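**Q** Structure provided below as structure tokens; questions to follow.
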Amino acid sequence: MKTITIEGQLRTESGKKATRQLRSQDLVPAVIYGGKEEINFAAPAPSFKNIVYTSEFMIAEIKVDGKTYRCILKDLQFGKVSDALTHVDFLELVDDKKVIATLPLKYVGTPAGVKAGGKLVTKMKAIKIKTLPKYLKEFLEVDISGLELNENIRVEDIPAENMEVLNSPRIPIAAVTMTRQLKQEEASAAKAPAGKAAPAAAAAAPKK
Numbered sequence: 020m021k022t023i024t025i026e027g028q029l030r031t032e033s034g035k036k037a038t039r040q041l042r043s044q045d046l047v048p049a050v051i052y053g054g055k056e057e058i059n060f061a062a063p064a065p066s067f068k069n070i071v072y073t074s075e076f077m078i079a080e081i082k083v084d085g086k087t088y089r090c091i092l093k094d095l096q097f098g099k100v101s102d103a104l105t106h107v108d109f110l111e112l113v114d115d116k117k118v119i120a121t122l123p124l125k126y127v128g129t130p131a132g133v134k135a136g137g138k139l140v141t142k143m144k145a146i147k148i149k150t151l152p153k154y155l156k157e158f159l160e161v162d163i164s165g166l167e168l169n170e171n172i173r174v175e176d177i178p179a180e181n182m183e184v185l186n187s188p189r190i191p192i193a194a195v196t197m198t199r200q201l202k203q204e205e206a207s208a209a210k211a212p213a214g215k216a217a218p219a220a221a222a223a224a225p226k227k
């Protein structure tokens, strides 16, 4: 599991004035919850960059006041005008406590339908799951090599061992559709036999 380390300092004061003071020092206020106690801390804005501006799923090891907390990212807030990061929420991982997380999907293999001239369309990039921390993964791998033309694969087809998938099981996540060229070729192939049959039919017609 990919892990990043964030060095933070404990926040003892709250309120708008304290928050403004932190931001003037390029520090972002944050909170860790879900464990034995709630930890309010602040860290330099750049230290959040790798976990905030990515689609990857990772663990954050946050060091505050001599202690280390293993967490996952839960929520972000940005300034309405500046679009700068203004607050970060983390959920502490507790071994025997299930967590809800959004895991990316990694599609592997070349669909049979694509080899036949179709086009792969991915409809979902991630799914929401509930599991114990020890079962968390960077991504869930989905083999799409057997996907035929005009077929799709659904949420229920995703291998998610030891996890409860919270998305609706019947939602399509990927499909192989016909390209315009393939449709035209099929239409031409369908018309060809009918066109060739006309002379034969005329030859078979009785002479007057």
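Everything in the sequence shown is counted per our numbering, starting at 20 for the first residue and increasing by one.
All C-beta atoms, glycine included, are put in the ideal place defined by N, C-alpha and C.
On a predicted model such as this, the values are computed, not experimentally measured, just so you know.
Where do the ends of the alpha helix (DSSP H) carrying Gln40 lie?
**A** Here the alpha helix (DSSP H) through Gln40 covers Lys35 to Ser43.
**Q** With which residues is Ala131 paired in a DSSP beta bridge?
**A** DSSP, once it has assigned bridges, lists no residue as partnering Ala131.
**Q** For Ile78, report the span of its alpha helix (DSSP H) as first-last.
**A** Per DSSP, Ile78 belongs to no alpha helix (DSSP H); it is in the beta strand (DSSP E), Ile78 to Val83.
**Q** Where does Thr24 fall in DSSP's three states?
**A** Strand, per DSSP.
**Q** Leaving out the 5 sequence neighbours to the left and right, which residues in its chain are closer than 7 Å to Thr122 when beta-carbon positions are compared?
**A** Position check: residue 122 holds Leu in this sequence, whereas Thr was assumed. Here the set comprises Phe76, Ala145, Ile146, Ile148, Lys156, Phe158 and Leu159.
**Q** Distance, Cα to Cα, Asp114 vs Lys134?
**A** If I take the Cα positions, the gap works out to 45 Å.
**Q** So who's on the other strand from Gln96, going by DSSP bridges?
**A** DSSP, once it has assigned bridges, lists His106 as partnering Gln96.
**Q** Please classify Tyr88 as buried or exposed, where buried requires at least 16 neighbouring CB atoms within 10 angstroms.
**A** So Tyr88 ends up on the buried side.
**Q** Roughly how many angstroms lie between the CA atoms of Gly98 and Asp45, to the nearest whole one?
**A** Those two C-alpha atoms are separated by around 14 Å.
**Q** Can you find a CB in chain C that lies within less than 7 Å of the CB of Lys99?
**A** Among the chains in the structure shown there is no chain C, since it carries only a single protein chain.
**Q** According to DSSP, is Asp114 part of a helix, a strand, or is it coil?
**A** Here Asp114 sits in coil by DSSP.
**Q** Starting from Lys149, trace the alpha helix (DSSP H) both ways and give me its first and last residue.
**A** Run containing Lys149: none in the alpha helix (DSSP H); it sits in the beta strand (DSSP E), Ala145 to Thr150.
**Q** Quick one: is Thr73 buried, meaning 16 or more other Cβ sit within 10 Å of its Cβ, or exposed?
**A** So Thr73 ends up on the exposed side.
**Q** Between which residues of its own chain and Ala64 is the CB-CB distance below 8 Å, once the five residues before and five after are set aside?
**A** Asp45, Leu46, Val47, Ala103 and Leu104, listed in sequence order.
**Q** Just grab the DSSP bridge partners of Asp176 for me.
**A** According to DSSP, which records beta bridges pairwise, Asp176 is partnered with nothing at all.
**Q** Does the beta-carbon distance from Ile78 to Tyr126 come in below 7 Å?
**A** No, the Cβ-Cβ distance between Ile78 and Tyr126 is not below 7 Å.
**Q** If you reduce the DSSP assignment to three classes, tell me which class Ala223 lands in.
**A** Residue confidence for Ala223 is low, a pLDDT of 40 falling below 50, so the modelled location carries little weight; the figure read from the coordinates is stated next. In this structure, Ala223 counts as helix in the three-state DSSP scheme.
**Q** Cutting at 6 Å between CB atoms, please list the residues of its own chain near Leu168, excluding the five before and the five after it.
**A** Closer than 6 Å at the Cβ level, and outside the excluded window around Leu168, lie Gly132, Ala135, Gly137 and Val195.
**Q** Ends of the beta strand (DSSP E) at Lys138?
**A** From DSSP, the beta strand (DSSP E) with Lys138 extends over Lys138 to Thr141.
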